[in-house]
Amino acid sequence: MSLLDFFPPDYRVKTPAMRSPEYVQMSTAAAITLGLVPGRIYRAGCTHCLNLLLTYPEGCRANCAYCGLARHREEARDYADRNFIRVDWPALRYREVIERVQAGGDRGRFERMCISMISHPDSNRDTLALLAQWVEALPHVPVSILSNPTTMERDDLVRLKQAGAEIFTVALDAVTPEIFERTRGKAVDSPHRWSKYWQSIEWAAEIFGPEKFGAHLICGMGETEREFLEAVQKIRDMGGHSHLFAFFPEQGSLMEDWPACGKAQWRRVQLARFVIDYAGGDFRCMAFDGAGQLTGFGVEESELAKIVESGTPFRTSGCPGKDDTEISACNRPYGDSPPTDILSFPFKLRLEDIDIVKQHLNGKNVKTFFE
Ligand code: SF4
4 MSLLDFFPPD YRVKTPAMRS PEYVQMSTAA AITLGLVPGR IYRAGCTHCL
54 NLLLTYPEGC RANCAYCGLA RHREEARDYA DRNFIRVDWP ALRYREVIER
104 VQAGGDRGRF ERMCISMISH PDSNRDTLAL LAQWVEALPH VPVSILSNPT
154 TMERDDLVRL KQAGAEIFTV ALDAVTPEIF ERTRGKAVDS PHRWSKYWQS
204 IEWAAEIFGP EKFGAHLICG MGETEREFLE AVQKIRDMGG HSHLFAFFPE
254 QGSLMEDWPA CGKAQWRRVQ LARFVIDYAG GDFRCMAFDG AGQLTGFGVE
304 ESELAKIVES GTPFRTSGCP GKDDTEISAC NRPYGDSPPT DILSFPFKLR
354 LEDIDIVKQH LNGKNVKTFF E
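Per this note's numbering, the sequence shown starts with residue 4, numbered consecutively.
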């Protein structure tokens, strides 16, 4: 089941010849919160982050093996009809997006806006244009940039910071050079380079500063838990945070037959990432077996139990809202799993949710509670 099952096909919004910066695509959750499409977000009500995506009729020029926007899908479907992460991304005039947010009420609940760039020659210029209009119209709603390092130089980051971007994030996705190369580098005829991505993270640390930069990481693309958490620690040591995604085989992508991320692996990695990023833990104190699987979190059992009972590590990780830095305003509802089998919880966990997470940590493959 996808979010789209909650509203009828007639309301699905496609993106024909629409081009940024006049138009943007947005997550289904943002479209529901804005009142653009009818529907409800299971147990989340609305989203507090307006996730926008640059859009061009000719599409993304990269070819990442796991992505629904990739170039290799051109012949299969219209670009407009492709998915970024497992939910649809309808399009709207940017001016109307701003007016709807300004109108307030339920539509004014956004604590953050995020511009996701794609690999396109105009994406630097158009991201700046969207950012400038936003800062002028809605200066109280901070902006994150989910960047495309391949087309960017250091000065582009400086310009974004000067124009008012608050957080700069790099969609690194793959945590080892080998997996990066295999899924989004030369091996799949894609332009991205591991070294450029890390260089951009270093630029972001320098230009945006501690707590104001981060990286997206996808769990379950063939890396070990040790490799994954080593990357998390590296980013924390630089002053940033990691935003996690469970690998989901996007239909029509080159990795559509790859298995979805295992639940026990995902829960261990979510918990360890929280320990590193927010509970004073350290990868270097954690224990791993010969296969690189996490066997010890490097914190007292009683302390770890309290962290698990809070449920916070298992919520969607991302850029913060107004008050609590541990809680992501960007909850990306059902971006990496369906409501019947939740991997990233887009809401505060109840006791029955925490019980299911504990079963996952104990190796049981149970599905989440579904009302
Ligand atoms: S965590 Fe959310 S708000 Fe932050 S960069 Fe990623 S998609 Fe954007």
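Cβ coordinates follow ideal geometry from the N, Cα and C atoms, glycine included.
| said: Just checking residue 117 against the ligand SF4 - is the residue's beta carbon closer than 6 Å to any of the ligand's heavy atoms? | reply: yes
| request: Return the Cβ separation of residue 239 and residue 279 in integer angstroms, given the expectation that the two are a contact with Cβ distance under 8 Å. | output: 5 Å
| query | Considering residue 171, what are the terminal residues of the beta strand (DSSP E) in which it resides? | reply | 170 to 176
| Mind pulling the beta strand (DSSP E) runs of 3 or more residues that sit fully within the region 12 to 53? | 26 to 29
| query | Counting only runs that start and end within the region 167 to 248, where is the beta strand (DSSP E) found for 3 or more residues in a row? | reply | 170 to 176 and 216 to 222
| query | For the candidate residues 95, 196 and 103, whose alpha-carbon lies nearest to that of residue 179? | reply | It is 196 whose Cα lies nearest to the Cα of residue 179.
| query | Taking just the CA atoms, how far does residue 113 sit from residue 284? | reply | 31 Å
| field | Beta-carbon contacts of residue 79 that lie in its chain and below 7 Å, excluding the five residues immediately before and after | value | With a pLDDT of 46 at residue 79, under the threshold of 50, the modelled position of that residue is not reliable, and no figure is offered here.
| residue 172: CB within 6 Å of a non-hydrogen atom of the ligand SF4 | yes
| query | Can you name the residues that DSSP bridges to residue 146? | reply | 116
| request: Could you say if the region 146 to 153 and the region 185 to 203 meet the contact criterion of at least three C-beta pairs nearer than 8 Å? | output: yes
| If we count the other Cβ atoms within 10 Å of its Cβ and call it buried at 16 or more, is residue 123 buried or exposed? | buried
| Rounded separation between residue 120 and residue 67 - CA only | If I take the Cα positions, the gap works out to 14 Å.
| query | Once you ignore the five residues that flank residue 288 on each side, which residues in its own chain have a CB closer than 6 Å to its CB? | reply | 301
| If residue 71 and residue 253 are in contact, beta carbons under 8 Å, what's the gap, nearest whole angstrom? | The pair is a contact, with the Cβ atoms about 4 Å apart (cut-off 8 Å).
| Less than 7 Å separating the beta-carbons of residue 332 and residue 338? | Result no, Cβ atoms of residue 332 and residue 338 do not sit closer than 7 Å.
| Pairing CB atoms from the region 202 to 220 with CB atoms from the region 162 to 180, are three or more of them under 8 Å? | yes
| task | Assess, as a yes-or-no matter, whether the region 347 to 367 is touched by the region 45 to 62 under the definition of 3 or more beta carbon pairs within less than 8 Å. | result | yes
| request: Pull up the CB-CB distance for residue 116 and residue 53, whole angstroms please, since I reckon it's below 8 Å. | output: 4 Å
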